[in-house]
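Undergrad: Order-wise, the sequence lines are chains A and B. Just so we're aligned: 5 in our numbering is position 5 of the first sequence, and the numbers increase by one with no gaps anywhere. Every number in our numbering is 336 more than the matching position in the second sequence, counting from 1. A virtual CB, placed ideally from N, CA and C, is assigned to each residue, including glycine. The structure is given below, and queries will be raised subsequently.
Number of protein chains: 2
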Amino acid sequence: MPTINDVAKRAGVAPITVSRVINNSGYFSEETRQRVETAINELGYVPNRLARGLRTKRTNTLALVMTDITNPFFTTVARGVEDVAGEAGYTVTFCNTDESEEKERKYLDLLVQQQVGGILLVPARSRPDSVNFLKKHSTPVVVLDRRLPGGEIDVVRCDSEAGAHEIVRLLINLGHKRIAMLGGPKGVSTADDRLLGYQQALAESGLNAEKELVQAGAFTQESGYEMARKAISRSPRPTAFFAANNFIAFGALKALREEGLDVPDDLALVAFDDLPPALVTFPFLTVVAQPAHEMALEATKLLLARMESDSDREGQEIVLPTELIVRQSSGGRIVS
Amino acid sequence: MPTINDVAKRAGVAPITVSRVINNSGYFSEETRQRVETAINELGYVPNRLARGLRTKRTNTLALVMTDITNPFFTTVARGVEDVAGEAGYTVTFCNTDESEEKERKYLDLLVQQQVGGILLVPARSRPDSVNFLKKHSTPVVVLDRRLPGGEIDVVRCDSEAGAHEIVRLLINLGHKRIAMLGGPKGVSTADDRLLGYQQALAESGLNAEKELVQAGAFTQESGYEMARKAISRSPRPTAFFAANNFIAFGALKALREEGLDVPDDLALVAFDDLPPALVTFPFLTVVAQPAHEMALEATKLLLARMESDSDREGQEIVLPTELIVRQSSGGRIVS
DNA sequence: TTACCTTATGGTATCGTTACCATACTGCTG
DNA sequence: CAGCAGTATGGTAACGATACCATAAGGTAA
Numbered sequence: 001m002p003t004i005n006d007v008a009k010r011a012g013v014a015p016i017t018v019s020r021v022i023n024n025s026g027y028f029s030e031e032t033r034q035r036v037e038t039a040i041n042e043l044g045y046v047p048n049r050l051a052r053g054l055r056t057k058r059t060n061t062l063a064l065v066m067t068d069i070t071n072p073f074f075t076t077v078a079r080g081v082e083d084v085a086g087e088a089g090y091t092v093t094f095c096n097t098d099e100s101e102e103k104e105r106k107y108l109d110l111l112v113q114q115q116v117g118g119i120l121l122v123p124a125r126s127r128p129d130s131v132n133f134l135k136k137h138s139t140p141v142v143v144l145d146r147r148l149p150g151g152e153i154d155v156v157r158c159d160s161e162a163g164a165h166e167i168v169r170l171l172i173n174l175g176h177k178r179i180a181m182l183g184g185p186k187g188v189s190t191a192d193d194r195l196l197g198y199q200q201a202l203a204e205s206g207l208n209a210e211k212e213l214v215q216a217g218a219f220t221q222e223s224g225y226e227m228a229r230k231a232i233s234r235s236p237r238p239t240a241f242f243a244a245n246n247f248i249a250f251g252a253l254k255a256l257r258e259e260g261l262d263v264p265d266d267l268a269l270v271a272f273d274d275l276p277p278a279l280v281t282f283p284f285l286t287v288v289a290q291p292a293h294e295m296a297l298e299a300t301k302l303l304l305a306r307m308e309s310d311s312d313r314e315g316q317e318i319v320l321p322t323e324l325i326v327r328q329s330s331g332g333r334i335v336s
Numbered sequence: 337m338p339t340i341n342d343v344a345k346r347a348g349v350a351p352i353t354v355s356r357v358i359n360n361s362g363y364f365s366e367e368t369r370q371r372v373e374t375a376i377n378e379l380g381y382v383p384n385r386l387a388r389g390l391r392t393k394r395t396n397t398l399a400l401v402m403t404d405i406t407n408p409f410f411t412t413v414a415r416g417v418e419d420v421a422g423e424a425g426y427t428v429t430f431c432n433t434d435e436s437e438e439k440e441r442k443y444l445d446l447l448v449q450q451q452v453g454g455i456l457l458v459p460a461r462s463r464p465d466s467v468n469f470l471k472k473h474s475t476p477v478v479v480l481d482r483r484l485p486g487g488e489i490d491v492v493r494c495d496s497e498a499g500a501h502e503i504v505r506l507l508i509n510l511g512h513k514r515i516a517m518l519g520g521p522k523g524v525s526t527a528d529d530r531l532l533g534y535q536q537a538l539a540e541s542g543l544n545a546e547k548e549l550v551q552a553g554a555f556t557q558e559s560g561y562e563m564a565r566k567a568i569s570r571s572p573r574p575t576a577f578f579a580a581n582n583f584i585a586f587g588a589l590k591a592l593r594e595e596g597l598d599v600p601d602d603l604a605l606v607a608f609d610d611l612p613p614a615l616v617t618f619p620f621l622t623v624v625a626q627p628a629h630e631m632a633l634e635a636t637k638l639l640l641a642r643m644e645s646d647s648d649r650e651g652q653e654i655v656l657p658t659e660l661i662v663r664q665s666s667g668g669r670i671v672s
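As structure tokens, then:
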């Protein structure tokens, strides 16, 4: 592979001059530029970013560390991140943690070793360890989708509590009194917040949130399936399910199908997170949608800004609103 | 940030010895290992992979260059790639080309600059330019999902022609005689092959593939929508649509909805590519599914092997079978 | 004329690792 | 006991780029 030195020799200039032309920095004459450029083309020279990064202590790489790219919410986020990053000449690495703190830690370690310029992190747990680790290695980070204790960091997320409140309120207005919560993992802020919103909506309506109607599980189909099975075995049976995310809803749907229960005739089902944009041609599930793409854009812009300025300005929290989308699965007609 | 030299000083050894411990290579005593490891922990040392890569000419990074991660097929592929790569200690960069050769070229250039160890490429067009470029820079590459002219390269793909043939045959057996093809972009092997399969199935049954029933578009919802609108405006109207991929099908579905046409009662609709695994709880669309996850696993393993061996052994082509999944949208009962 | 700024270019050191080669001790073989 | 393999460790250079400083020509302000 030709190096900058080979180009320099061929163009009859010093390597540093080639560097200037490549990076369009400093002074060089038009004639030099041309000589260098033809040399580059003739040799098929490609600069080595490892060497550059080693010297400049900057790379043009970002990372997106999330739970699972297969989740339509994160798929959309990933696309948004890559759109902004790609436009700015950055490259994006993605990592699936599957909500495992261990995997998260391993990946962050690797990413720091690779000197990524910045990280978009969906933390597996509401613990500051990961962020502290990154801070120690002065790797800029923006937390995505979830809250974290301690406020000195950038966060872009949705108002899970308000969203949950709104959609549970919808169920209540539809006349439901026994609404089961198929929750996410305890200790994950989105799960906790959605539970809170659920409880508040019930409390406001004078309904007591019976303990046995509330379950906590994982943000997976399997967990949704399990929780739904348990919930329908209660008597009296709940008349509605609130799934804390889309995967839980899919699992619940499967359980209900197996039991021969019709949605929404036998049981209403609503969920957090919309289907992937490509699939909204199947207008079935009533959901609270998060603006995944917008979140990604905001977060990435914020991260890039953070990386540019390198300033130690206060962490900033951007909370975007959710959107209630009423489709078939909630059934009925609004009562009040 | 502490470097290997700082660790060496603290442990009272030479940098090279620290390197040996980190990489578990060469000889060192148990006592040295411990001294080095405590020094590493005390300092919070993290090796610099840029420096390592510069010296060893190897990085632990892969890239997945595809058209759009938002497409459920590629989402699944991405997950599979990351699973295998992550397990092997590699990190994966992803790039969306949106079928644009220019974007593809830009990304490949950037990736070569970053010295990625290998690339999984879904080529935007059936042209060898990109692969040649990578070959020139000795970056191992495995082509995914699509064929490419010239056989000296690794390819992992599905048999699009056979899959299309099978699903069109299904429509024919259901009694359809006017089957419209909502095709993908000309010059993309999957699109071309699916058209071929369609034509052959028709020919075999003595049906002539009327030209006006065949359209070529893009692998997008918008294009599917457009093509479907045109197709239904023909008279006599086609009785079935074959969409060359999932996005086209979604767009077509939208058009049909708008026209008040019921699927499958008024018109049958089948497509290439399944829904994302999470969403198969909506059993509607009859499809030919590609084993996206398996393809990804095979391709990534092949790529890693290629990178290890560095050998110049022949390119190998792995063609996986598709699977016909009959659901509602094809309607009817099989005739013969 | 002197001083100084702008333009154009180059020399040298350095980023943090590891490749390569050298040194030296131990213990075993013949 | 020479010779050699195995173990343990270190010195030096190099990977390919850029930071930093230096040099020099030309123009212009005082």
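1) Kindly list, in the order they appear in chain A, the residues whose Cβ is closer than 8 Å to that of B:Q451.
2) Can you tell me whether A:Q114 is helix, strand or coil according to DSSP?
3) Interface residues of chain B around A:L356 at Cβ under 8 Å?
4) Is the CB of B:R642 under 7 Å away from at least one CB in chain A?
5) If we define contact as Cβ-Cβ less than 7 Å, is B:E291 a contact residue for chain A?
6) So the beta strand (DSSP E) A:V155 belongs to, where does it begin and stop?
7) Look at the alpha carbon of A:L275 and the alpha carbon of A:F73, and state the distance between them as a whole number of angstroms.
8) Closest to B:I584 by CA distance: which of B:D602, B:L592, B:A554, B:G596 is it?
9) Check the Cβ-Cβ distances between A:A78 and every residue of chain B, and say whether any is below 7 Å.
10) Rounded to whole angstroms, how far is the Cβ of A:F141 from the Cβ of A:L134, which I believe are closer than 8 Å?
11) Taking 7 Å as the CB-CB cut-off, is A:L182 touching chain B?
12) Can you list, in chain order, the residues of its chain whose CB lies under 8 Å from that of B:I568, leaving out five sequence neighbours each side?
13) Is it right to say B:D678 is buried, meaning 16 or more other beta carbons lie within 10 angstroms of its own, or is it exposed?
14) Beta carbons nearer than 8 Å to chain A: which residues of the stretch 536 to 557 of chain B have them?
15) Show which residues of chain B have a CB atom less than 7 Å away from the CB atom of A:G53.
16) Counting only Cβ pairs nearer than 9 Å, list the residues of chain B close to A:H137.
17) Assuming A:F242 and A:I167 form a contact by the criterion Cβ under 8 Å, report the distance between their Cβ atoms to the nearest whole angstrom.
18) Could you have a look at B:E659 and say whether DSSP puts it in helix, strand or coil?
19) Would B:E292 be called buried (16 or more neighbouring beta carbons within 10 Å of its own) or exposed?
20) Can you name, in chain order, every residue of its own chain whose Cβ lies under 6 Å from the Cβ of B:H501, other than the five neighbours on each side?
21) How about A:L279 and A:V84: are their beta carbons less than 7 Å apart?
22) By DSSP, does A:E99 sit in helix, in strand, or in coil?
23) Would A:V288 and A:T322 be called neighbours here (beta carbons separated by less than 7 Å)?
24) Determine the closest residue to A:V36 out of A:G206, A:I16, A:E102, with distance taken between C-alpha atoms.
25) Is the Cβ-Cβ distance between B:A588 and B:G542 less than 7 Å?
26) Using a Cβ cut-off of 7 Å (strictly closer), state whether A:L297 contacts chain B.
27) Give the DSSP-derived three-state secondary structure of B:T395 in the structure shown.
28) Classify B:S365 as buried or exposed, calling it buried when 16 or more other Cβ atoms lie within 10 Å of its own Cβ.
29) Can you give me the C-alpha to C-alpha distance between A:L50 and A:L62, rounded to a whole angstrom?
30) What's the C-alpha gap between A:F272 and A:Q290?
31) Please classify A:V335: does DSSP put it in a helix, a strand, or coil?
32) Let's test the definition: count the other Cβ atoms within 10 Å of the Cβ of A:Q34 and tell me whether it reaches 16, buried, or not, exposed.
33) Give the straight-line distance between the Cα atoms of A:R313 and A:G151, rounded to the nearest whole angstrom.
34) Under three-state DSSP, which class holds B:E650?
35) Considering only heavy atoms of the ligand ATP, does any lie closer than 6 Å to the CB of A:A39?
36) Report the rounded CA-to-CA distance for A:V326 versus A:V112, giving the unit in angstroms.
TA: Inspection of the coordinates gives the following:
1) As a first step, residue 451 of chain B is located in the second sequence; it is residue number 115 there, counting from the start. Those within 8 Å of B:Q451 in chain A are N48, R49, L50.
2) Against the first sequence, residue 114 of chain A aligns to sequence position 114. Reduced to three states, the DSSP call for A:Q114 is coil.
3) Because chain A here runs from 1 to 336, residue 356 of chain A falls outside it and cannot be looked at.
4) Here residue 642 of chain B corresponds to residue number 306 of the second sequence, with the count starting at 1. Contacts with chain A at 7 Å (Cβ-Cβ) do not include B:R642.
5) What the structure shows of chain B is the stretch from 337 to 672, and residue 291 of chain B is not part of that stretch, so it cannot be assessed.
6) Along the first sequence, read from residue 1 onward, the residue named residue 155 of chain A stands at position 155. Boundaries of the beta strand (DSSP E) around A:V155: 154 to 158.
7) Taking the first residue of the first sequence as 1, we reach residue 275 of chain A at position 275. Taking the first residue of the first sequence as 1, we reach residue 73 of chain A at position 73. A:L275 and A:F73: Cα-Cα distance of roughly 8 Å.
8) The sequence position of residue 584 of chain B within the second sequence is 248, counting from 1. Put simply, of B:D602, B:L592, B:A554, B:G596 the residue whose alpha carbon is nearest the alpha carbon of B:I584 is B:A554.
9) Here residue 78 of chain A refers to the residue found at position 78 of the first sequence. At least one CB atom of chain B sits nearer than 7 Å to the CB of A:A78.
10) The residue given as residue 141 of chain A occupies position 141 in the first sequence. The residue given as residue 134 of chain A occupies position 134 in the first sequence. Note that residue 141 of chain A is Val in the sequence shown, not Phe. Between A:V141 and A:L134 the beta-carbon gap is near 5 Å, inside 8 Å, which marks them as a contact.
11) Here the question's residue 182 of chain A lines up with position 182 in the first sequence. No, no contact with chain B.
12) Taking the second sequence and counting its residues from 1, the one referred to as residue 568 of chain B is at position 232. Only P574, A591, L592, E595, L597, L603 meet the Cβ criterion.
13) The shown model of chain B, from 337 to 672, leaves out residue 678 of chain B, and the question about it has no answer.
14) Listed in sequence order: Q557.
15) For the purposes of this step, residue 53 of chain A is taken as the residue at position 53 of the first sequence. In chain order: L386.
16) If you number the first sequence from 1, residue 137 of chain A lands on position 137. Per Cβ cutoff of 9 Å: M337, G380, V382.
17) Translated into the one-based positions of the first sequence, residue 242 of chain A becomes position 242. Translated into the one-based positions of the first sequence, residue 167 of chain A becomes position 167. Contact between A:F242 and A:I167 holds: CB atoms are separated by about 7 Å, below the 8 Å threshold.
18) Sequence index remark: in the second sequence, residue 659 of chain B carries index 323 (1-based). In the three-state reduction of the DSSP assignment, B:E659 falls in the strand class.
19) Nothing can be reported for residue 292 of chain B: it is not among the residues displayed for chain B, which extend from 337 to 672.
20) Numbered from its first residue, the second sequence carries residue 501 of chain B at position 165. G533, Q536, A537, listed in sequence order.
21) By one-based count along the first sequence, residue 279 of chain A stands at place 279. By one-based count along the first sequence, residue 84 of chain A stands at place 84. In this structure, A:V84 does not lie closer than 7 Å to A:L279 by Cβ.
22) As a working note, residue 99 of chain A is residue 99 in the first sequence. DSSP places A:E99 outside both helix and strand once states are collapsed to three, so it counts as coil.
23) Within the first sequence, numbered from 1, the residue matching residue 288 of chain A stands at position 288. Within the first sequence, numbered from 1, the residue matching residue 322 of chain A stands at position 322. Judged by beta-carbon spacing, A:T322 lies within the 7 Å limit of A:V288, meaning their Cβ atoms are closer than that value.
24) To locate residue 36 of chain A, count along the first sequence from 1; it is residue 36. Selected option, being the one with the closest Cα: A:I16.
25) Translated into positions along the second sequence, residue 588 of chain B becomes position 252. Translated into positions along the second sequence, residue 542 of chain B becomes position 206. Taking a C-beta distance under 7 Å as the contact criterion, B:A588 and B:G542 do not qualify as a contact pair.
26) Start at 1 with the first residue of the first sequence, and residue 297 of chain A comes out as number 297. Interface residue (Cβ-Cβ distance to chain B less than 7 Å): A:L297 is not classified as such.
27) On the second sequence, residue 395 of chain B is found 59 positions in, with the first residue counted as 1. The three-state reading of DSSP puts B:T395 in coil, since its state is none of H, G, I, E or B.
28) Residue mapping note: residue 365 of chain B aligns to position 29 of the second sequence, counting from 1. Classification for B:S365: exposed.
29) Against the first sequence, residue 50 of chain A aligns to sequence position 50. Against the first sequence, residue 62 of chain A aligns to sequence position 62. Those two C-alpha atoms are separated by around 15 Å.
30) Here residue 272 of chain A corresponds to residue number 272 of the first sequence, with the count starting at 1. Here residue 290 of chain A corresponds to residue number 290 of the first sequence, with the count starting at 1. Straight-line Cα distance between these residues: approximately 8 Å.
31) Along the first sequence, one-based indexing puts residue 335 of chain A at 335. Residue placement at A:V335 is flagged as unreliable, the pLDDT there being 44, under the threshold of 50; a coordinate-derived value is accordingly withheld.
32) Along the first sequence, read from residue 1 onward, the residue named residue 34 of chain A stands at position 34. A residue is called buried when at least 16 other Cβ atoms come within 10 angstroms of its Cβ; A:Q34 does not meet this threshold and is exposed.
33) Indexing the first sequence from 1 puts residue 313 of chain A at position 313. Indexing the first sequence from 1 puts residue 151 of chain A at position 151. The alpha-carbon of A:R313 is positioned some 12 Å away from that of A:G151.
34) Counting from 1 along the second sequence, the entry for residue 650 of chain B is found at position 314. Looking at B:E650 - three-state DSSP - the assignment turns out to be coil, as it is neither helix nor strand.
35) By its list of ligands, the structure shown contains no ligand whatsoever, and the ligand ATP lies outside what it can speak to.
36) Counted from its first residue, the first sequence places residue 326 of chain A at position 326. Counted from its first residue, the first sequence places residue 112 of chain A at position 112. If I take the Cα positions, the gap works out to 43 Å.
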